[in-house]
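**Student:** Residues are numbered in our numbering as their position in the sequence shown, beginning at 1, plus a constant of 57. Where a beta carbon is used, it is the ideal one built from N, C-alpha and C, also for glycine. Note that the coordinates shown come from a computational prediction; the quantities given were computed from them, not determined experimentally.
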Amino acid sequence: MAEQGGTLATSDRSSPLWADYELTAAYDEMFPGGDAVRPHYAALRDSLRFTTGDAFRQRKAMTDLSMRQDGVGFTVYRAEEGIERVWPMDPMP
Numbered sequence: 058m059a060e061q062g063g064t065l066a067t068s069d070r071s072s073p074l075w076a077d078y079e080l081t082a083a084y085d086e087m088f089p090g091g092d093a094v095r096p097h098y099a100a101l102r103d104s105l106r107f108t109t110g111d112a113f114r115q116r117k118a119m120t121d122l123s124m125r126q127d128g129v130g131f132t133v134y135r136a137e138e139g140i141e142r143v144w145p146m147d148p149m150p
């Protein structure tokens, strides 16, 4: 997928959220490689700079609860333990 315009910004990986973050061979929407961040994600990166892992996990749990309460899910017909699943939403790009 080609990058659409803009200059890549330097990433500040000092945030607790980025401490163990590893780029893999999979496409990464936010970090294209090295210490760069895609321009349209710079504001998100900056807003999460001081967010701890615990605070992020709490936000994820709140998102999952909201999805469950709002009925955002799907059915798995071959699962042994149950068929209703909450839609898996990754809070990070």
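Within 10 Å of its beta-carbon, does phenylalanine 88 have 16 or more other beta-carbons around it, so buried, or fewer, so exposed?
**Tutor:** Looking at its Cβ environment, which holds 16 or more other Cβ atoms inside 10 Å, phenylalanine 88 is buried.
**Student:** Less than 8 angstroms between the CB atoms is what I'm expecting for valine 133 and arginine 142, so what's the real figure, rounded?
**Tutor:** Right, their Cβ atoms sit about 6 angstroms apart.
**Student:** Would you report the Cα separation of phenylalanine 131 and proline 96, rounded to the nearest angstrom?
**Tutor:** When rounded, the distance between both Cα atoms is 34 angstroms.
**Student:** By Cβ distance, which residues of its chain are closer than 7 angstroms to tryptophan 144, with the 5 residues on each side in sequence left out?
**Tutor:** Correct list, in chain order: Met124, Val129, Gly130 and Phe131.
**Student:** What number of angstroms, rounded off, separates the C-alpha of alanine 99 from the C-alpha of alanine 76?
**Tutor:** Distance between the alpha carbons of alanine 99 and alanine 76 is about 17 angstroms.
**Student:** With DSSP as the reference, label arginine 95 as helix, strand or coil.
**Tutor:** Correct three-state label for arginine 95: coil.
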